[in-house]
Amino acid sequence: MFNRKIESVESKLRDFNNCGDINVKGDFNVNDNSKNEYKLYIHCTNEELLTDRPFRAENIKIEQRKKIKRLKPFYATSILLAFVAAIFAMYNGSSDLITILMGGVSAFLGYQSLIATIEPNQFQKEEQAAVDEISKILKQRRVE
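Numbering (my numbering), first residue to last: 8 to 151.
Here is the structure:
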């Protein structure tokens with residue numbers, strides 16, 4: 008695998024035509040002059056903060072939708088088990104071990120899925136902290 012990466016880099020460098028004038032013996036670094044400057048929220052302008060806050064809030068909503076989509080099979084399984092347990096109870100006329108186990112597993116899966124849906128994950132916590140910090144800075148600056 009490591010050799011493949013080297014081969015692909017070498018094949019890409021063959022496209023770099025230097026007419027033999029440049030002889031590189033060692034590391035070859037290319038700087039693309041991209042400017043990735045990071046600055047603290049306290050150093051941002053009010054316009055930058057007002058622009059970034061809705062973006063962060065939308066990230067939280069998108070992550071919540073992704074969590075719900077991932078957990079849909081667990082919701083369906085817990086509902087299915089609850090119905091099967093109810094049908095067994097109706098059919099047998101009494102609660103037996105299988106009905107109790109299916110009901111318990113259904114309740115457990117439903118509870119865990121609900122907790123996983125409601126509790127924010129690490130990404131959501133970080134984004135919410137950023138939104139809170141932006142709001143705090145804007146209040147301190149008396150923009151809001």
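By construction, the Cβ of each residue, glycine as well, lies at the ideal position given by its N, Cα and C atoms.
Per-residue burial, residue 97 [other beta carbons within 10 Å of its own, 16 or more giving buried]
With fewer than 16 other Cβ atoms within 10 Å, it is exposed.
Note down the Cα distance separating residue 136 from residue 59, rounded to an integer number of angstroms.
If you take the alpha carbons of residue 136 and residue 59, they lie about 13 Å apart.
Straight-line CA distance for residue 119 to residue 94?
Rounded to the nearest angstrom, the two C-alpha atoms are 23 Å apart.
For residue 122 and residue 82, the rounded distance between their alpha carbons:
Their Cα atoms are separated by approximately 12 Å.
As an exercise, report each continuous alpha helix (DSSP H) stretch of at least 4 residues that is fully enclosed by the region 109–142, in chain order.
Listed in chain order, there is nothing to give.
Tell me the rounded alpha-carbon separation between residue 71 and residue 47.
Distance between residue 71 and residue 47, taken at the CA atoms: about 26 Å.
Consult DSSP for residue 70 and reduce its assignment to one of helix, strand or coil.
Correct three-state label for residue 70: helix.
Residue 90: which of 111, 79, 36, 55 sits nearest, CA to CA?
Closest in C-alpha terms to residue 90, from the list 111, 79, 36, 55, comes 111.
Can you tell me whether residue 52 is buried or exposed, with buried defined as 16 or more other CB within 10 angstroms of its CB?
Counting of Cβ neighbours within 10 angstroms places residue 52 among the exposed residues, the total staying below 16.
Below 6 Å CB to CB, which residues in the same chain sit around residue 131 once its five sequence neighbours on both sides are set aside?
Answer for residue 131: 67, 70, listed in chain order.
Alpha-carbon to alpha-carbon, residue 125 and residue 151:
Distance between the alpha carbons of residue 151 and residue 125 is about 29 Å.
Report all residues from its chain with a CB closer than 8 Å to the CB of residue 75; omit the five preceding and five following residues, and keep chain order.
So the list reads 124, once near-sequence residues are dropped.
Looking at C-alpha atoms only, which residue of 100, 55, 134 is the closest neighbour of residue 145?
Per the C-alpha coordinates, the member of 100, 55, 134 positioned closest to residue 145 is 55.
Put residue 150 into one of helix, strand or coil per three-state DSSP.
For residue 150, the secondary structure class from DSSP, reduced to helix, strand or coil, is coil.
Look up residue 32 in the DSSP assignment and say whether it is helix, strand or coil.
Reduced to three states, the DSSP call for residue 32 is coil.
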